[in-house]
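The next block holds one structure in the form of structure tokens; read it before the comments.
Numbering (this note's numbering), first residue to last: 615 to 922.
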């Protein structure tokens with residue numbers, strides 16, 4: 615059954631932000647739901663089934679609240695909130711978040727919410743998922759939040775130093791110059807959560823340490839929040855070495871994308887091996903993310919589906 619709906623909003627200026635210049639955002643929403651929407655004054659009018667009406671209503675109200683906070687509305691925002699309107703109630707998702715010095719980090723999907731709940735309840739969490747699902751960003755947010763609340767004394771962020779067929783020893787420059795490109799995604803996440811001076815201070819004092827996986831050998835990491843990113847590129851031996859670094863009052867998050875394994879063909883991924891070996895240990899959390907959790911451009915989800 616098709617019903618006519620009129621959604622009214624209190625603030626015309628905020629509604630104009632949602633609609634966008636030359637109805638740009640409204641047209642994007644029309645394309646998403648395959649129905650026409652009209653904007654006049656402080657209201658949006660359309661005709662749709664009750665199911666679609668509920669989704670559009672949720673989407674527009676979420677975008678309205680987003681605009682109330684001073685944010686510009688982008689296609690990405692529409693994609694994310696449209697995804698929320700199709701699943702779990704956005705208000706439920708927004709009950710859980712990480713507070714960092716610069717911003718609150720909320721889950722964008724129901725599965726991301728489960729990921730955050732696991733991080734808050736387990737000392738060790740494995741998260742497997744494709745690019746763009748927020749697995750690393752949320753892990754870094756958890757670490758920065760824990761440091762802010764003085765739950766830990768330091769953050770240790772690590773990655774295997776071999777990716778995409780390149781070996782660190784053959785790259786030009788000193789160690790920092792060689793490693794910086796590999797850790798750029800982690801730096802980007804930190805810069806989103808910490809102001810430049812504070813981040814610089816934490817890096818200089820070792821409160822935040824960014825280091826290749828090999829540098830973890832022989833250490834016991836106590837009172838720390840430790841993240842191993844790109845873990846699909848670890849061998850079984852490397853993964854065992856890393857996991858056994860866990861010290862008192864420490865937390866570990868291990869993230870990886872099993873479809874992006876850059877190990878030699880004869881080498882077994884320590885990430886997948888660990889998930890299988892440890893799956894029955896109740897004190898460890900495991901969470902898969904999928905293309906449904908991708909919060910980059912909507913096209914990324916389609917690309918990943920095509921390659922899966």
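For glycine and all other residues, C-beta sits at the position ideal for the given N, C-alpha and C.
Apart from the five residues on each side of it in sequence, which residues of its chain come closer than 8 Å, Cβ to Cβ, to residue 864? By one-based count along the chain shown, residue 864 stands at place 250. The residues are 737, 766, 835, 836, 837, 838, 839, 840.
Please name the residue in 804, 657, 845 whose C-alpha comes closest to that of residue 872. Mapped onto the chain shown, residue 872 falls at position 258. Of the listed residues, the one whose Cα sits closest to residue 872 is 845.
With distances taken from CA atoms, which of 646, 676, 624, 892 is nearest residue 654? The count along the chain shown starts at 1 and reaches residue 654 at position 40. The residue with the shortest Cα to Cα distance from residue 654 is 624.
Which residue spans inside the segment 849-880 form an unbroken alpha helix (DSSP H) run of at least 4? 850-857
Within 10 angstroms of the Cβ of residue 778, are there 16 or more other Cβ atoms? Answer buried if so, exposed if not. Within the chain shown, residue 778 is the residue found at index 164, counting from 1. Reliability of the predicted coordinates at residue 778 is poor, the pLDDT of 39 falling under 50, and the value obtained from them is presented with this limitation in mind. Residue 778 comes out exposed.
Please classify residue 619: does DSSP put it in a helix, a strand, or coil? As a first step, residue 619 is located in the chain shown; it is residue number 5 there, counting from the start. Note: residue 619 maps to strand in three-state DSSP.
Could you spell out where the alpha helix (DSSP H) holding residue 643 opens and where it closes? The sequence position of residue 643 within the chain shown is 29, counting from 1. It spans 638-647 - the alpha helix (DSSP H) in which residue 643 sits, taken as one unbroken run.
Check each candidate in 644, 739, 822, 621 and name the one with the smallest Cα separation from residue 893. Taking the chain shown and counting its residues from 1, one reaches residue 893 at position 279. Residue 893 has its Cα closest to that of 739, out of 644, 739, 822, 621.
Where the beta strand (DSSP E) through residue 659 begins and ends: Reading the chain shown from its first residue, position 45 is the one you call residue 659. Note, residue 659: beta strand (DSSP E), 657-662.
Beta-carbon spacing of residue 866, residue 714 below 9 Å: Position 252 of the chain shown, counted from the first residue, corresponds to residue 866. Position 100 of the chain shown, counted from the first residue, corresponds to residue 714. Not closer than 9 Å, so no.
Where residue 687 sits in the DSSP three-state scheme: Taking the chain shown and counting its residues from 1, the one referred to as residue 687 is at position 73. In the structure shown, residue 687 sits in coil (DSSP, three-state: anything other than H, G, I, E or B).
Neighbourhood of residue 831 by C-beta distance below 8 Å, restricted to the same chain and skipping five residues each side: Sequence index remark: in the chain shown, residue 831 carries index 217 (1-based). Take residue 831, set aside five residues on each side of it, and the residues of its chain with a beta-carbon closer than 8 Å to its own are 855, in chain order.
If contact is defined by three or more beta carbon pairs under 8 Å, each pair taking one atom from either stretch, is the segment 716-733 in contact with the segment 658-668? Touching, no, given that fewer than three Cβ pairs across the two stretches are closer than 8 Å.
Identify which residue in 750, 627, 891 has its Cα closest to the Cα of residue 802. Here residue 802 is taken as the residue at index 188 of the chain shown, counted from 1. Looking only at 750, 627, 891, the smallest Cα-Cα distance to residue 802 is reached by 750.
Ends of the beta strand (DSSP E) at residue 831? By 1-based counting over the chain shown, the position of residue 831 is 217. From DSSP, residue 831 is part of no beta strand (DSSP E); its letter is neither H nor E.
Close beta carbons around residue 680, own chain, < 8 Å, minus the five adjacent residues each side: Working through the chain shown from its first residue, we reach residue 680 at position 66. These residues qualify, in order along the chain: 687, 691, 695.
What does the alpha-carbon distance come out to for the pair residue 729 and residue 748? As a position in the chain shown, residue 729 is number 115, starting the count at 1. As a position in the chain shown, residue 748 is number 134, starting the count at 1. Looking at the two C-alpha atoms, the distance is approximately 10 Å.
Whether residue 804 touches residue 850 by CB criterion (9 Å): The residue given as residue 804 occupies position 190 in the chain shown. The residue given as residue 850 occupies position 236 in the chain shown. No, they are not a contact pair.
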